[in-house]
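With our numbering, letter number 74 in the sequence shown gets 101, and the count goes up by one each step, no holes.
Since the structure comes first, as structure tokens, the remarks are kept for the end.
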Amino acid sequence: MMRRLAVLLTVALLAATPTPAVAAVPDQSTAEAGNPFVDGWYADPDVAVYGDTYWVFPTTSKTYAEQTYLDAFSSTDLVTWTKHPNVLTTANVSWATRAVWAPAPVERNGRYYLYFAANDIQNDSQLGGIGVAVADRPQGPYRDAIGRPLVSQFVNGAQPIDQDVFIDDDGQAYLYYGGWGHANVVRLNPTW
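Written out as structure tokens, the structure reads:
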């Protein structure tokens, strides 16, 4: 009898408990959803806003041997996008021989910088890591800013890849990066 009463009481409490409203799931297939927002094989997008224009800098998703350039896309309304092909290519980076990816754009001191990973190094004896390229306009063309990787060594076990830049309110810029289960942060100098 007690067990039956406990079950009835539990059912009554559950029935009286309000259920949360179910939010409508947006239809991702409609034109308004805008996905994918650009055609092509892209990954790792990073976004910047320069003036009244939105910029997306993605990785070109191809095999490492073919992943030798970065494109950019711009829009003033987040609906209509203009493609800017080959804003950075390995031809403009003397030490990059294959696979550039994970672009991270920033504007600093009136110039545009694009941080990127290249060559997918597996140890410190290989040439590659995180590079920095510079341009006078967001759409490039970007060229190697220092003639070598900015970060070329494994530090604390972190592969020098997959970077992003944060600029604090005081103007100090920081580079966050990492791979192989480790992540680091370094302070950038005012030049780049």
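Think of the CB as a built atom: it goes at the ideal place given N, C-alpha and C, for glycine as much as any other residue.
If you're wondering where the values come from, they're calculated on a predicted model, not measured in any experiment.
- T86 carries a strand assignment under DSSP once its states are collapsed to helix, strand and coil.
- Partner residues in the beta bridge of L202, as assigned by DSSP, are V192, V213.
- With respect to the C-alpha of F181, the residue from R135, T80, T103, D151 having the closest C-alpha is D151.
- Judged by pairs of C-beta atoms under 8 angstroms, the region 68-84 touches the region 95-105, as three or more such pairs exist.
- If you draw a straight line from the Cα of T117 to the Cα of A123, it is about 5 angstroms long.
- Less than 7 angstroms divides the Cβ of A129 from the Cβ of A144.
- When secondary structure is reduced to three states using DSSP, N136 falls in the coil class, being assigned neither helix nor strand.
- For G156, same chain residues with a beta-carbon under 8 angstroms away, outside a window of 5 residues either side, are A144, A145, N146, I148, P176, L177, V178, S179, Q180, P187, I188 in chain order.
- W68 and T90 have their C-alpha atoms some 11 angstroms from each other.
- Here T95 has T116, T117, R125, V127 as same chain residues with Cβ atoms under 7 angstroms from its own Cβ, once five neighbours each way along the sequence are excluded.
- In the DSSP assignment, N113 falls within the beta strand (DSSP E) that extends over 109-116.
- Out of Q153, S121, I173, N136, the CA that lies nearest to the CA of D163 is found in N136.
- Judged by their CB atoms, Y169 and V114 are nearer to each other than the 7 angstroms cut-off.
- As a beta-bridge residue in DSSP terms, V159 pairs with Y142.
- For F100, the uninterrupted beta strand (DSSP E) run begins and ends at 96-102, by DSSP.
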